[in-house]
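**Student:** I'd like to ask some things about the structure below.
Protein chains in written order, with my numbering: chain Y, 1218 to 1813; chain W, 28 to 298.
This is how it looks when you write it as structure tokens:
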């Protein structure tokens, strides 16, 4: 044991695992268990958000017609969706998906599971704070569920919650209040998580795990945590001001006829919301970028192309992400100079994003590709993120925004990035780390079927939205065909809905696969390193890892992507070298290449 | 039965032809452009479609070759990125940034300053039509200044969900909202602007083609947001004058000095 290792061992002694049911499965402080808790909570709400999406698609395909099966149960009467119900459906669809489904899966699950395992730590820096973070999150989910059972129903002001529509002027009723409170509470949960993640990465990296040897997944999650720590408090304060407006008669965001003595400023809400909201889209995509950077390299059996370039590009995106938010507000009547500045930064942020994508392609180029399910999902994510990124060029531009703003084109664009890329990135992670989490493998055949339904489904559904928006169909319309100039889009909307239903149905391949492998007796044990890759969670511990993760804290000697090195192959007969692996012969041939 | 249906369809078609209303559009692609400056937006959109498609095809082709040819049988090359490959990456990104981002930025700056957000030059022209539009849940009220050229006077013409403008003259609209945020969207003119409570925002355009077009609310404003639809009618100048004098005469007759609510207009805001 080196002195550095001894120091880290002293800082993180091995504790005995908990024995009681409550301490082990419910109020656990084990980061691996908390990761699983976030996974279950997130996937459950992914189902809720998905069902809400299906209702929206039904409405656009067959407005005024009763929803089959679920309609009478959910809405009573004939079972058709009414305009007031409809606005709650699309509002809660957005909020549930962003804050209560994708965030817990991408950040809660992978942040908790992977940070300690990939950097070589025994747990997070603040295990108890980690537990509080999860149970705070559960409280916020309960608030969301409760909002559906209030008198006037749930929130209806859109996921962006624009004031004054989101004040009592537009949406009186307990539902909207509960949802705003839920966003505040989930923000508190995310902030706790963020502080924990940031500290853990800074303080608990194993000896030798320099910043430039961190797996890209950790870079993505860490940068996300920094954005969360900086901007979630802004959202929290905005939510608090809105709660004051709703319940205590203040007027921060109320203006116009309902305001007394001049009132406040509705645009203030948009500034507060979007200075959080734009970093939020990077919060949701950076972990996926990181996962992709690693998984593409792993399954191409080739080092990541220009690791440093990708890292610095991701850092640059993080820095710029807060300086572009005004492009959501081009139509509010902002000063032209301000608009031009925001447009410039928006165009600039495309440059590091392109570096990341080009590095993915050059990582795969000249590799030796293995088409396992995680790789299929990773490649699919590259595709959908490409579409999402390129369509962003249209919307970052003020001229084109004059026509495209608030159309379905915007909806298609952000679904390609935030829904398709983030969700497929999350599935990449789930398929890849499932063996580490549960010690068993997922079925490859079901996984591939799930991939094709998901990939084609997402592409066709959101492609249909882009087409509809290009023709001028606006978003959030209960009956889009009120407008005669888009009468011709009925067929397109119906087809898009059919694809959406198929996409939803295809998710059952995953549900079956997941339950079979978690609970079934026949799922094959995974072994410590089923994918034959390099990072610490695969090469320095078992699947699933013991409570204390590592019997001995590893000493890292090389970067995360040491593949197909001829020296390593000569010495070990394998095409990869673990991050902490000492090669026979002791001379460190991989060190030179490993500096990446 | 069948004959009656054909007769009804023919009547509708005839009425439409007589009123000069456009037939429902096919739906796909950009809606018809009825404005003088809208072609600038369209050309940028077409440029961006071409540029992004090209980028997608180039990068996608490289990826596709790798996916097909560099499979399990192909030995992986051990490289963390060479000077040459990093050069290729940076060169590609730099080229795209200069060519595409640069083109978009310069063209948009020109478009916004000279046309879409150039309210000063519309303000200067003698033939400019000024309209105040007040949005509320869920309708558009429009106010024309009448012969005295001043808003909020007894000769103002006021309409609901019915805005008419002459062809070929600049139109300046000032927008307000009484309750929540709405957005005044004219898809056929490639302009939109939010109506924000407590503020006056502006919008300008110039119609090129006579006809009836839809005014859409683009910002979610409550359950009946989808019904917040108005009609913008572009008339030949003389028919516009006739129409305006009729509404002004009606408004004068209907004027009620006691009704303060009806005088929701504001003094025109100049730059």
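The C-beta atom is built at its ideal place from N, Cα and C for all residues, glycine as well.
Computed from a predicted structure; not experimentally measured.
#1: Within 10 angstroms of its Cβ, does residue 1428 of chain Y collect 16 or more other Cβ (buried), or is it exposed?
#2: Using CA atoms only, rank isn't needed, just tell me which of Y:1600, Y:1404, Y:1482 is closest to residue 1469 of chain Y.
#3: Using the three-state DSSP reduction, which class does residue 1647 of chain Y fall into: helix, strand or coil?
#4: Does residue 249 of chain W get closer than 8 Å to chain Y when you measure Cβ to Cβ?
#5: Check whether the Cβ atoms of residue 1479 of chain Y and residue 224 of chain W sit closer than 8 Å, and answer yes or no.
#6: Determine the contact status of residue 1689 of chain Y and residue 58 of chain W, defining contact as a CB-CB distance below 8 Å.
#7: Is the beta carbon of residue 1564 of chain Y sitting closer than 8 Å to the one on residue 69 of chain W?
#8: On a CA-only basis, which of Y:1515, Y:1321, Y:1769 is nearest residue 1582 of chain Y? Give me that one, please.
#9: Mind listing the chain Y neighbours of residue 158 of chain W? Cutoff is C-beta to C-beta under 7 Å, in chain order.
#10: Return no unless some Cβ of chain W is closer than 8 Å to the Cβ of residue 1584 of chain Y.
#11: Would you call the region 215-235 of chain W and the region 183-198 of chain W touching, i.e. three or more CB-CB distances under 8 Å?
#12: Residues of the region 1378-1403 of chain Y in Cβ contact with chain W at a cutoff of 7 Å, in chain order, please.
#13: Grab me the residues of residue 219 of chain W's own chain with a C-beta within less than 8 Å of its C-beta, minus the 5 sequence neighbours each way, in chain order.
#14: Could you check the C-alpha separation between residue 1793 of chain Y and residue 1799 of chain Y for me, to the nearest Å?
#15: For the region 1767-1779 of chain Y and the region 1746-1753 of chain Y, state whether three or more C-beta atom pairs, one from each stretch, are separated by less than 8 Å.
#16: Whose CA, out of W:265, W:184, W:64, W:208, lies closest to the CA of residue 142 of chain W?
#17: Taking Cβ positions only, does residue 288 of chain W come closer than 8 Å to chain Y?
#18: What's the gap between the Cα of residue 1221 of chain Y and the Cα of residue 1495 of chain Y?
#19: Closer than 8 Å by C-beta to residue 278 of chain W: which residues in its own chain qualify, once you throw out the five before and the five after it? Chain order, please.
#20: Nearest CA to the CA of residue 1263 of chain Y: which residue from Y:1640, Y:1519, Y:1219?
#21: For residue 1451 of chain Y and residue 1493 of chain Y, which I take to be in contact (beta-carbon distance under 8 Å), what is that distance rounded to the nearest angstrom?
#22: If you scan the region 217-261 of chain W from start to end, which runs of the beta strand (DSSP E) of 3 or more residues do you find wholly inside it?
#23: Tell me whether residue 171 of chain W sits in a helix, a strand or coil according to DSSP, three-state version.
#24: Residue 132 of chain W touches chain Y at which residues, Cβ-Cβ below 9 Å?
#25: Along the alpha helix (DSSP H) that carries residue 1413 of chain Y, what are the first and last residues, could you check?
#26: State the DSSP-derived secondary structure class of residue 1742 of chain Y, mapped to helix, strand or coil.
#27: Is the CB of residue 254 of chain W under 8 Å away from at least one CB in chain Y?
#28: Report the rounded CA-to-CA distance for residue 1268 of chain Y versus residue 133 of chain W, giving the unit in angstroms.
#29: Quick check on DSSP: helix, strand or coil for residue 1462 of chain Y?
#30: Can you list, in chain order, the residues of its chain whose CB lies under 8 Å from that of residue 1555 of chain Y, leaving out five sequence neighbours each side?
#31: Does residue 175 of chain W pass the burial test, meaning 16 or more other C-beta atoms within 10 Å, or should it be called exposed?
#32: In chain W, which residues lie less than 9 Å from residue 1513 of chain Y when you measure between Cβ atoms?
#33: Using the Cβ count rule (16 or more neighbours within 10 Å means buried), how would you classify residue 1623 of chain Y?
#34: Name, please, each residue of chain W whose Cβ falls closer than 7 Å to the Cβ of residue 1699 of chain Y.
#35: Does residue 85 of chain W have its Cβ less than 8 Å from a Cβ in chain Y?
#36: Would you grab the beta carbon distance between residue 1507 of chain Y and residue 1410 of chain Y for me? Rounded to a whole angstrom, and I think it's under 8 Å.
**Tutor:** Looking at the coordinates:
#1: exposed
#2: Y:1482
#3: helix
#4: yes
#5: no
#6: yes
#7: no
#8: Y:1515
#9: The premise fails here: residue 158 of chain W is roughly 16 Å from chain Y at the closest Cβ pair, so nothing lies under 7 Å.
#10: yes
#11: yes
#12: 1379, 1381, 1382, 1386, 1387
#13: 210, 211, 212, 213, 230, 245
#14: 12 Å
#15: yes
#16: W:64
#17: no
#18: 41 Å
#19: 173, 181, 182, 183, 184, 185
#20: Y:1640
#21: 5 Å
#22: 218-222, 228-233, 238-244
#23: strand
#24: 1557, 1560, 1561, 1564, 1614
#25: 1391-1420
#26: strand
#27: yes
#28: 44 Å
#29: helix
#30: 1543
#31: exposed
#32: The contacting residues do not exist; residue 1513 of chain Y stays about 11 Å from chain W at best.
#33: buried
#34: 253, 254, 256
#35: no
#36: Rounded, the Cβ-Cβ distance is 16 Å, inconsistent with contact.
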